[in-house]
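In the order they appear, the protein sequences are chains A and B. The C-terminal residue of the first sequence carries number 154 in UniProt numbering, and the numbering is unbroken. The C-terminal residue of the second sequence carries number 154 in UniProt numbering, and the numbering is unbroken.
Protein chains: 2
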Amino acid sequence: MSNTTPRRLDDQLCFAFYSASKKFNHFYQDALRPFHLTYPQYITLLALWETSPMTVRELGSHLNLDSGTLTPLLKRLEKQGWITRKRSDQDERQVNVTLTDHALEKRDEVYARVNDCIDLMSFDGVDYDQLIDQIHQVMTELDGISHKDLIHES
Amino acid sequence: MSNTTPRRLDDQLCFAFYSASKKFNHFYQDALRPFHLTYPQYITLLALWETSPMTVRELGSHLNLDSGTLTPLLKRLEKQGWITRKRSDQDERQVNVTLTDHALEKRDEVYARVNDCIDLMSFDGVDYDQLIDQIHQVMTELDGISHKDLIHES
DNA sequence: CAGGGATTAATCGTGTGCAACTAAATTGCT
DNA sequence: AGCAATTTAGTTGCACACGATTAATCCCTG
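Next comes the structure, spelled out in C-alpha cells:
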C-alpha cells in the first residue's frame, strides 16, 4: 500500500527519541563538566566501574559502539588519566582497558555529582519502568527489522 | 544527601534514549539509502516539504539545530540538488532555503519508501501516544533544568 | 606444522552536533 | 543621521558515530 503521506507518528517517535537523546546528552555534559567528561566517556567509565579490565570488544558490545568510535574515545580517556590501554599477553589481538587508581578514587565523586544534578529534576508524571520497557520494546522491534527486507533498493 | 551509588534508573533512561536514537537513526539511514539521505537531512526536507522557503534560523528552531550543524548539512543537500540557498533581498543577514523542483517531485517517492519500511515493523505492545507524551514530559523536565542551578562547579 | 579463515583493534573518510567566535547586516536609540 | 546592541550565517575546532578497510594475531584443519 504505502500511501504518500508521511507517517506522522513514526516520524514523531523517531524525532522525539532524537531530540530527547540530544537533551539528555547535553544534561550529562553539564553535570560532568567538572570532570571534563562527555556522556559517551561517562558510560564507558560506568561500564568499567562495574567490570575492569575489559577488552575493547567487550566494552563495545556493552555500549553498542565499534572500535572506530571507541579507539579514539579511549585514547582521550587514557590521556586524561582515567584508564590504561595495554595489549593482552595471552592474545595480542586484544587490548585490555583498565581503570587507573585515579578513576577508582573519583568514582564516588562522579556518582554524587550526577545524582545531585538528577535531584534537580522531578519526573513526576512519568512511569520510569514502563517508559524504559516501552523503549526496549521499540528497540527490539528495530533490531528485528534492521537490514532485513530493506532490499527493494532502487 | 546524594548517595554514592549511581542512579540506575536515570542512567538507564538516558542510555535507552541514546541507544534507541541510534537504532532509529540507523533504520532511517537504511530506508533512505536509495535517496542518499541521512536522517538529519530527511527531517530537514520534511520541514521544508511543510513550508518552503524557510530561513536557516527558522529551520534551526524547528529542528533544534544551530547554524554550525545546518550550514554544512544544507550545503550537502544543495550539492545533491534538493534545495537552493539564496541570501534574502529584504534582509541580507538571512538565507532562504528553498526546495528544488526535483525535491518536490521526489517527495511522494520518499514518503512511500519510508512508509514501506515502517510497515515492516509492528509496534504491538506499544502505546504510541502515551510513549510520545512521556518522552515530551521528560524533555520538558530536561529543558527546565538545563543550565540551571548546575553551578556548584568544582 | 603450514596455510587459510576468523577475530580483533586500529585507521580512514564522511557526516553530524555543538560551543565559541567572526563578519555582515539590521535595528534601535539618541 | 550615527552609532551601539542585536540578529543572522558562516567558520573553526573538537568529539562522537559508523561503514569500510587494513594489519596483526589466533585458530583450525588437513
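From the three backbone atoms N, C-alpha and C, an ideal C-beta is built for every residue, glycine too. Remember, predicted model here, so these are calculated numbers, not experimental data.
*According to the Cβ coordinates, are Thr-100/B and Gly-81/B closer than 9 Å?*
The count along the second sequence starts at 1 and reaches residue 100/B at position 100. The count along the second sequence starts at 1 and reaches residue 81/B at position 81. Closer than 9 Å, so yes.
*Put Arg-85/B into one of helix, strand or coil per three-state DSSP.*
Locating residue 85/B in the second sequence gives position 85, counting from the first residue. Note: Arg-85/B maps to strand in three-state DSSP.
*Helix, strand or coil at Leu-32/B [DSSP, three-state]*: The residue given as residue 32/B occupies position 32 in the second sequence. Reduced to three states, the DSSP call for Leu-32/B is coil.
_Distance check for Pro-53/A and Asp-127/A, CA to CA, integer angstroms please._
Position 127 of the first sequence, counted from the first residue, corresponds to residue 127/A. Position 53 of the first sequence, counted from the first residue, corresponds to residue 53/A. Cα to Cα, Asp-127/A sits roughly 35 Å from Pro-53/A.
*Take the Cβ of Glu-109/A as the centre, count every other Cβ of all protein chains shown within 10 Å, and call the residue buried at 16 or more, exposed below.*
Translated into the one-based positions of the first sequence, residue 109/A becomes position 109. Residue environment analysis places Glu-109/A among the exposed positions, since fewer than 16 neighbouring C-beta atoms fall within 10 angstroms of its C-beta.
*Beta carbon proximity, Asp-129/B to chain A, threshold 9 Å*: In the second sequence, the residue the question calls residue 129/B occupies position 129. Chain A, which has a Cβ nearer than 9 Å to the Cβ of Asp-129/B, makes this yes.
_Taking only three categories from DSSP, how would you classify Met-139/A?_
Position 139 of the first sequence, counted from the first residue, corresponds to residue 139/A. Three-state DSSP puts Met-139/A in a helix.
*How long is the line joining the alpha carbons of Gly-60/A and Leu-131/B, rounded to whole angstroms?*
The count along the first sequence starts at 1 and reaches residue 60/A at position 60. The count along the second sequence starts at 1 and reaches residue 131/B at position 131. Straight-line measurement puts the Cα of Leu-131/B at about 28 Å from the Cα of Gly-60/A.
*Report the three-state DSSP secondary structure of Asn-64/B (helix, strand or coil).*
On the second sequence, residue 64/B is found 64 positions in, with the first residue counted as 1. When DSSP states are grouped into helix, strand and coil, Asn-64/B belongs to the coil group.
*Indicate whether at least one CB of chain B lies closer than 9 Å to the CB of Gly-60/A.*
Taking the first residue of the first sequence as position 1, residue 60/A is located at position 60. Not an interface residue.
_Does Leu-99/A come out as helix, strand or coil in the three-state DSSP assignment?_
As a position in the first sequence, residue 99/A is number 99, starting the count at 1. For Leu-99/A, the three-state secondary structure derived from DSSP is strand.
*Specify whether the stretch 66-78 of chain A and the stretch 34-51 of chain B touch according to this definition: at least 3 beta carbon pairs, one from each stretch, less than 8 Å apart.*
A contact is defined here as three or more CB-CB pairs under 8 Å, and the stretch 66-78 of chain A fails this definition with respect to the stretch 34-51 of chain B.
_Backbone secondary structure at Thr-44/A - three-state DSSP_ = Mapped onto the first sequence, residue 44/A falls at position 44. Looking at Thr-44/A - three-state DSSP - the assignment turns out to be helix.
*Excluding five sequence neighbours on each side, which residues of the same chain lie with their C-beta closer than 7 Å to the C-beta of Asn-25/B?*
As a position in the second sequence, residue 25/B is number 25, starting the count at 1. Within the same chain, Asn-25/B has close Cβ partners Tyr-39.
*Look at the alpha carbon of Gly-144/A and the alpha carbon of Asp-89/B, and state the distance between them as a whole number of angstroms.*
Your numbering for residue 144/A matches position 144 in the first sequence. Your numbering for residue 89/B matches position 89 in the second sequence. Cα to Cα, the separation comes out at about 50 Å.
*Just the Cα atoms here: how many angstroms apart are Val-97/A and Lys-86/A?*
Indexing the first sequence from 1 puts residue 97/A at position 97. Indexing the first sequence from 1 puts residue 86/A at position 86. Annotation: Val-97/A to Lys-86/A spans about 7 Å, alpha carbon to alpha carbon.
*Taking all protein chains shown into account, decide if Arg-93/A is buried (16 or more other Cβ within 10 angstroms of its Cβ) or exposed.*
To locate residue 93/A, count along the first sequence from 1; it is residue 93. Under a 10 Å Cβ-count criterion, Arg-93/A is classified as exposed, with fewer than 16 other Cβ atoms of the shown protein chains found around its own Cβ.
*For the ligand SAH, is there a heavy atom less than 8 Å away from the beta-carbon of Thr-38/A?*
Among the components modelled here there is no ligand, and therefore nothing to report on the ligand SAH.
_Could you compute how far the alpha carbon of Tyr-42/A sits from the alpha carbon of His-36/A?_
To locate residue 42/A, count along the first sequence from 1; it is residue 42. To locate residue 36/A, count along the first sequence from 1; it is residue 36. Roughly 10 Å separates the two Cα atoms.
*Give, in chain order, every residue of the stretch 14-40 of chain B whose Cβ lies closer than 9 Å to some Cβ of chain A.*
Listed in sequence order: Cys-14, Phe-15, Ala-16, Phe-17, Tyr-18, Ser-19, Ala-20, Ser-21, Lys-22, Lys-23, Phe-24, Asn-25, His-26, Phe-27, Tyr-28, Asp-30, Ala-31, Arg-33, Pro-34, Phe-35, Tyr-39, Pro-40.
*DSSP three-state assignment for Thr-71/B, whether helix, strand or coil*: The residue you call residue 71/B lines up with position 71 of the second sequence. Thr-71/B falls in the helix class under three-state DSSP.
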